[in-house]
DNA sequence: CGAGTAATTATGCAAGTGTATAATTTCTCC
DNA sequence: GGAGAAATTATACACTTGCATAATTACTCG
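Residue numbers (the numbering used here), protein chains in the order written: chain H, 23 to 235; chain U, 23 to 235.
If you want it as structure tokens, here you go:
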């Protein structure tokens, strides 16, 4: 009955890093950044803690890598759906829909966002990632609104477009936040419905009709 | 040169608890809940750590007390301004204004909200406080919208009112979030301006005009 | 002004933290 | 199939954490 040294299998650096990052995101979502301990992450990834040091020079570096992984995934999820759709109005509607349905709207996604916020505000590298992601979102939304308004024969000046983009982004963010914070407070499709109506009311564009082929 | 025992002054339980809570909120905003250590809090409150145990049976209890203190303060700040104003439309406008100006819109307030979120999702007592506060906000907003629409001669059914309240709450929350996350991204009064316009567009009420005496 | 009491400080402890380093195992390549 | 190298495990260390408990101080009240 002697304690035997643990068996293991060698994996590619890529696979191991990804596994460690995913385990990190799980624990950060559950317990916050400080609650995601090196030992806990290693256990979740079914690995011993020394390995983390082998792939990341510090816990800090792993956290940053996990944050960037998460942010990239969120933008992909939001923009992938309607990227190829036809009219700008249809793409705008797809953007709203994608932003207000799972897995974007999700308690875990919100928990991750909140958990990272402190570090985002302090760490320069994470701050830069955050600002870049936010600007990407809003610029893309602003461009979509601009084209959709032109399509509708009601082009708007730059200052006005900026306000509309900020406002639409805010409704979407607010609904995303509330949907993640109180998952049982809204019926199926309710957030999408309210999101469409609100963006429509703010921009004056009709987003309720069926998508054109 | 002997180490002398530290001098101190006795304070009322009320004052000490409040000081400890304020110190806790500072540290939670800066470093998150786990980063707010008992020793750090004691130092910030200019007290030794043993005293915390004297007033709160555990760190957990202090955190909960700090959270409730913060939430109460936020609701007071939001509703105090326009409580006595005349028309429902004026009160609605005051609500928007109060929600979108400092100290409600503030990086620290956002950091606190984010830092507490994890515990809010797990701890039943904190969850209850959160849901109660959210419901209070939204019900109050919904009532305000209902009366304002009646004033304007356009009463709305309950289902519609619910949607309008959710939507308006979302814009306000979203703008609050973005104002706190990116304090330098918006000009003075810009959030209030956009907030008024958006709530106006969603509800169909005019909030841009000057307040009536 | 002096005793009693509650507030406050001081000290200690066991568990958990990130990180460094040594010991071993798995795989590749000849 | 065996040597070399890299991946992985194991162990140790200094430090921080929350909490418990003992020692002291400041204030109250007769």
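Every residue, glycine too, gets a C-beta built ideally from N, C-alpha and C.
The structure displayed is predicted, hence computed values, not measured ones.
- Under the 8 Å Cβ criterion, the region 149-156 of chain H counts as touching the region 86-96 of chain H, having at least three qualifying pairs.
- Secondary structure of residue 178 (chain U) (DSSP, three-state): coil.
- The CB of residue 34 (chain U) never comes closer than 8 Å to any CB in chain H; the least such distance is about 33 Å.
- Residue 224 (chain H) is a Cβ neighbour of residue 223 (chain U), given a cutoff of 8 Å.
- Judged by pairs of C-beta atoms under 8 Å, the region 175-189 of chain H does not touch the region 116-128 of chain H, as fewer than three such pairs exist.
- In the three-state scheme derived from DSSP, where H, G and I count as helix and E and B as strand, residue 72 (chain U) is classed as helix.
- Taking the Cα of residue 67 (chain H) as reference, the smallest distance to any Cα among H:184, H:116, H:56 and H:37 is reached at H:37.
- One Cα belongs to residue 126 (chain H), the other to residue 200 (chain H), and the distance between them is close to 12 Å.
- Think of a sphere of 9 Å around the beta carbon of residue 199 (chain U): the chain H residues whose beta carbon falls inside it are 192, 195, 196 and 199, in chain order.
- Using a CB distance cut-off of 8 Å, residue 126 (chain H) does not count as an interface residue toward chain U.
- Look at the beta carbons and you see the region 73-83 of chain U touching the region 46-65 of chain U: at least three pairs across the two are nearer than 8 Å.
- Counting along the chain, residue 116 (chain U) sits inside the alpha helix (DSSP H) bounded by residues 110-121.
- Annotated as proximal: residue 187 (chain H) and residue 164 (chain H), with beta-carbon spacing under 8 Å.
- Every alpha helix (DSSP H) stretch that sits fully inside the region 161-232 of chain H and reaches 4 residues is listed by chain position as 180-203 and 212-225.
- The shortest C-alpha to C-alpha distance from residue 156 (chain U) to any of U:60, U:80 and U:93 is the one to U:93.
- In this structure, H:85 is the residue among H:184, H:133, H:85 and H:169 with its C-alpha nearest to the C-alpha of residue 147 (chain H).
- The residues 183, in chain order, have a CB closer than 6 Å to that of residue 168 (chain U) in the same chain once the five nearest residues on each side in sequence are set aside.
- Residue environment: residue 46 (chain H) is assigned as buried (16 or more neighbouring CB atoms within 10 Å of its CB, all protein chains considered).
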